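*Asks:* Residue numbers (this note's numbering): 27 to 605.
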DNA sequence: GCCGTTTTCGGCCCGACTGTTTTCAGTCG
């Protein structure tokens with residue numbers, strides 16, 4: 027079985043867990059975790075890189091040893107060191123690290139003294155009153171462990187950004203309306219606009235006598251107060267979301283904002299630069315010795331290490347520091363660049379509104395154009411269009427375009443990519459369209475080779491324009507289908523095909539790193555909402571967030587083009603393939 | 001385990017909060 031990047035990263039993470047419980051050198055543990063993180067972010071499979079004889083030690087954080095272990099993993103599917111460690115430490119113990127308040131030291135004690143191996147064992151030990159007798163444990167710890175077990179069992183993983191947003195904004199306003207509060211900002215992965223958030227990190231400037239902490243812990247959505255101090259408190263909301271509030275002094279606000287925005291890897295990289303310059307950066311400011319030299323504004327943190335301010339969406343230590351040093355940070359796309367939406371449905375298939383209603387809603391957003399892309403016949407569940415019904419829709423669009431001012435409706439179709447890679451409608455009718463969004467909706471479980479070949483073949487069709495939701499994933503619900511995305515992106519580059527960044531909050535398909543790779547290979551992206559209602563058109567901003575995380579600039583995205591330029595590009599794309 | 005115009009050895013980001021201590025270890029972010 028071929029080992030993909032996630033599989034390799036998984037093994038390193040497991041090894042890091044076991045080493046940590048064993049009490050190994052924490053920097054060694056970190057080296058494995060860093061490697062796992064790096065491998066997950068790579069655009070290509072390390073297995074392919076190994077097969078091609080590439081030098082893996084050129085990757086940051088990968089030395090001779092890890093390069094050798096990667097090679098072993100992709101060639102044998104396993105890692106002797108991991109198996110050896112698994113004999114010393116029961117691998118199930120790693121699960122206990124997920125419990126809030128339990129780290130490697132305590133897990134080790136639980137295992138060695140009480141023989142705990144699993145969540146169930148731990149639960150029994152707590153109920154038998156044995157845990158409180160251990161050194162360093164007490165009754166409160168016992169209760170915290172029980173609660174932690176329950177939360178872990180109820181937990182589904184990280185929350186969609188779009189799900190967290192309403193409560194996050196309500197909380198922000200609640201805090202901002204508190205007396206003595208000068209500024210409030212949500213930092214963390216929320217500010218970096220990651221597709222999911224694990225918790226919220228809120229930062230505030232407040233006068234010393236401000237009741238902001240009380241206002242925070244008594245917010246109506248709070249289910250449980252985990253800790254409460256003068257500068258930091260943690261609560262859990264009813265939705266399950268954990269929220270931290272930190273109160274900082276005005277002269278530290280910028281440093282704190284930078285620090286709590288993260289990512290952790292980005293901060294470590296920035297601080298390393300600071301150390302080289304004899305500076306210390308922490309959440310209170312920038313210091314030379316004990317003397318503060320800045321920290322009120324975030325820009326000063328970057329300026330202190332000779333960098334321009336870096337947009338939060340880029341702060342993942344995926345090259346943004348190097349780009350900033352070289353003065354080559356991207357000029358990231360914004361919502362204002364967007365001139366239209368190239369993937370929307372109407373009530374002719376599974377949408378809820380008429381074409382006219384969708385077009386007017388798009389015009390209200392300030393768009394120049396909207397492409398109606400109803401489903402093709404194969405998607406029977408959505409009452410997909412056959413040739414005849416599609417032609418009727420095209421006639422309706424002609425009539426609307428004559429009548430409607432200020433918006434142009436483009437003729438499109440979300441054409442199903444059949445199992446063998448053919449498109450679901452004959453070329454004769456596809457030729458009448460301005461563009462196609464071609465997508466996979468069935469047979470997600472094809473073997474990788476077949477799934478990849480299916481999509482590559484579809485791209486060769488002269489009427490293929492945009493690959494819709496390229497991996498089919500639904501965040502927290504459905505994994506991407508097994509497909510060689512690297513090959514697909516390369517093929518798109520060769521064929522002049524466009525890839526969609528589907529802006530549905532639960533799809534956000536392509537991922538940030540895939541966007542980055544597409545950009546590097548010169549593949550254009552369409553950021554589209556896949557709207558089924560007029561309200562869904564507003565999902566565009568989540569697509570923009572993701573695009574920014576993927577380093578995209580306006581010039582990388584086709585729906586920033588004025589109408590005529592867009593139509594020219596679509597026509598050229600077809601000629602390129604037909605030739 | 002990685003890494004290097006201050007180093008091939010000795011560093012590796014750093015502070016708050018909790019619960020258990022009697023001055024601090026463990027955990028978290």
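Cβ atoms here follow ideal geometry from the backbone N, Cα and C, with glycine treated the same way. No experiment lies behind these values; they were computed from the predicted model shown.
Return the residue from the list 320, 330 and 318 that minimises the CA-CA distance to residue 302.
*Replies:* 330
*Asks:* By the three-class DSSP mapping on this structure, what secondary structure does residue 596 have?
*Replies:* helix
*Asks:* Report the residue ranges of all beta strand (DSSP E) runs contained in full by the stretch 538–597; include only those spanning at least 3 residues, in chain order.
*Replies:* 551–554
*Asks:* Do you know how far the Cα of residue 422 is from the Cα of residue 249?
*Replies:* Their Cα atoms are separated by approximately 52 Å.
*Asks:* Note the first and the last residue of the continuous alpha helix (DSSP H) segment covering residue 217.
*Replies:* Boundaries of the alpha helix (DSSP H) around residue 217: 214–217.
*Asks:* Could you pull out every unbroken alpha helix (DSSP H) segment of at least 4 residues lying fully inside the stretch 227–253, listed in chain order?
*Replies:* 238–243
*Asks:* What three-state label does DSSP hand residue 38 in the structure shown?
*Replies:* Per DSSP, reduced to three states, the secondary structure at residue 38 is helical.
*Asks:* Determine whether the beta carbon atoms of residue 65 and residue 35 lie at a separation below 8 Å.
*Replies:* yes
*Asks:* With C-beta atoms as the reference, is residue 434 less than 8 Å away from residue 587?
*Replies:* Against a cut-off of 8 Å, the Cβ pair of residue 587 and residue 434 comes out as no contact.
*Asks:* Should residue 407 go down as buried or exposed, given a rule of 16 or more other Cβ atoms within 10 Å for buried?
*Replies:* exposed
*Asks:* For residue 612, tell me which candidate among 472, 257 and 205 has the shortest Cα-Cα distance.
*Replies:* One cannot answer for residue 612 here, as it falls past the ends of the chain, which runs 27 to 605.
*Asks:* In the structure shown, what three-state DSSP assignment does residue 268 receive?
*Replies:* Residue state for residue 268 is assigned as strand, using DSSP reduced to three classes.
*Asks:* To which residues does DSSP link residue 401 through a beta bridge?
*Replies:* 440
*Asks:* Going by C-alpha to C-alpha distance, which of 117, 82, 53 and 77 sits closest to residue 40?
*Replies:* 117
*Asks:* Give me, in chain order, the residues of the same chain whose beta-carbon lies closer than 8 Å to that of residue 247; leave out the 5 immediate sequence neighbours on both sides.
*Replies:* 193, 196, 197, 263, 264 and 265
*Asks:* Measuring straight from C-alpha to C-alpha, what distance separates residue 238 and residue 570?
*Replies:* 33 Å
*Asks:* Using the three-state DSSP reduction, which class does residue 72 fall into: helix, strand or coil?
*Replies:* helix
*Asks:* What do you reckon, are the CB atoms on residue 236 and residue 223 nearer than 8 Å?
*Replies:* no
*Asks:* On the criterion of 16 or more Cβ atoms from any shown chain inside 10 Å, does residue 285 qualify as buried, or is it exposed?
*Replies:* buried
*Asks:* Return the residue from the list 557, 485 and 548 that minimises the CA-CA distance to residue 530.
*Replies:* 557
*Asks:* Per the contact definition of three or more C-beta pairs closer than 8 Å, is the stretch 319–336 in contact with the stretch 539–547?
*Replies:* no
*Asks:* How is the alpha helix (DSSP H) around residue 453 delimited, first residue to last?
*Replies:* 453–456
*Asks:* Between the alpha carbons of residue 55 and residue 465, how many angstroms are there, rounded?
*Replies:* 42 Å
*Asks:* Excluding the 5 residues preceding and the 5 following residue 382 in the sequence, name in chain order all residues of the same chain whose CB lies nearer than 8 Å to its CB.
*Replies:* 426 and 430
*Asks:* Please indicate yes or no: does the CB of residue 488 lie closer than 7 Å to some heavy atom of the ligand SAM?
*Replies:* This structure lacks the ligand SAM; in fact it carries no ligand of any kind.
*Asks:* Apart from the five residues on each side of it in sequence, which residues of its chain come closer than 6 Å, Cβ to Cβ, to residue 415?
*Replies:* Leaving aside the five residues that flank residue 415 on each side, none in its chain has a CB nearer than 6 Å to its CB.
*Asks:* Runs of 4 residues minimum, wholly inside the stretch 134–164: which ones carry the alpha helix (DSSP H) assignment?
*Replies:* Counting only runs of 4 or more, we get 145–153.
*Asks:* Whole angstroms are fine: how far does the CA of residue 568 sit from the CA of residue 484?
*Replies:* 28 Å
*Asks:* For residue 460, which option in 555, 594 and 282 has the closest C-alpha, if you only look at C-alpha atoms?
*Replies:* 594
*Asks:* Check residue 185 in the structure and name its three-state DSSP category.
*Replies:* strand
*Asks:* Check for me: the alpha helix (DSSP H) holding residue 330 runs from which residue to which?
*Replies:* 324–330
*Asks:* With H, G and I counted as helix, E and B as strand and the rest as coil, what does DSSP make of residue 372?
*Replies:* coil
*Asks:* For residue 468, which of 405, 268 and 251 has the nearest alpha-carbon?
*Replies:* 405
*Asks:* Going along the chain, which unbroken runs of the alpha helix (DSSP H) with 4 or more residues stay wholly within the stretch 374–398?
*Replies:* 381–390
*Asks:* So does the stretch 391–403 actually touch the stretch 435–447, counting three or more Cβ pairs closer than 8 Å?
*Replies:* yes
*Asks:* Round the Cβ separation of residue 279 and residue 231 to the nearest angstrom and send it over; I've been treating them as touching at under 8 Å.
*Replies:* 5 Å
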